[in-house]
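**Student:**
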Amino acid sequence: MKKNYCIHPGNMIKAILLSINKKQNWLANEMKTNKIIISDIIRGKRNITSKFAYAFENATGFSAEVLLEQQNKYELFCLQNNKPRSY
0 MKKNYCIHPG NMIKAILLSI NKKQNWLANE MKTNKIIISD IIRGKRNITS
50 KFAYAFENAT GFSAEVLLEQ QNKYELFCLQ NNKPRSY
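What follows is the structure in structure tokens.
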């Protein structure tokens with residue numbers, strides 16, 4: 000049976016930040032990256048990379064592997080369902 004939805008890993012990142020009571024600016028500072036990149040990922044407008052996932056794990060303790068697995072699932076879902084993907 001085909002799934003009719005799949006969440007972007009940005010949704011997971013948003014939930015993690017809420018659970019640890021931190022903001023996007025904090026994450027950008029911890030990861031030494033631009034806050035626009037964080038915002039784009041959380042909004043599902045940009046995909047995560049291995050480098051991003053690794054830096055996120057260092058900042059929050061959340062598994063880089065889990066984020067990357069979700070990114071792969073999301074991309075595959077989009078391909079299987081002819082849906083536009085983030086880049």
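Residue numbers (numbering that gives the first Met the number 0): 0 to 86. No residue lacks a Cβ here, since even glycine has one placed at the ideal position from N, Cα and C.
Write down every uninterrupted run of the alpha helix (DSSP H) in the stretch 38 to 64 whose length is 4 residues or greater and which is fully enclosed by it, in chain order.
**Tutor:** For the stretch 38 to 64, whole alpha helix (DSSP H) runs of length 4 or above, ordered along the chain, are 49 to 59.
**Student:** Lys-21 by DSSP, collapsed to three states: which one?
**Tutor:** Three-state result, Lys-21: coil.
**Student:** Quick check on Lys-82: does DSSP put it in helix, strand or coil?
**Tutor:** It is coil, neither helix nor strand.
**Student:** Hey, how far is the Cα of Glu-68 from the Cα of Gln-79?
**Tutor:** Taking the straight line joining both Cα atoms gives about 16 Å.
**Student:** For Ile-6, which three-state DSSP category applies?
**Tutor:** Coil, per DSSP.
**Student:** Tell me the DSSP secondary structure of Asn-71 in three-state form.
**Tutor:** Reduced to three states, the DSSP call for Asn-71 is helix.
**Student:** Whose CA, out of Phe-76, Cys-77, His-7, Tyr-53, lies closest to the CA of Ile-41?
**Tutor:** Answer by Cα proximity: His-7.
**Student:** Only counting the same chain, and skipping five residues up and downstream in sequence, which positions put a Cβ closer than 6 Å to that of Thr-32?
**Tutor:** Taken in chain order, the list of residues that qualify is empty.
**Student:** According to DSSP, is Lys-31 part of a helix, a strand, or is it coil?
**Tutor:** It is coil, neither helix nor strand.
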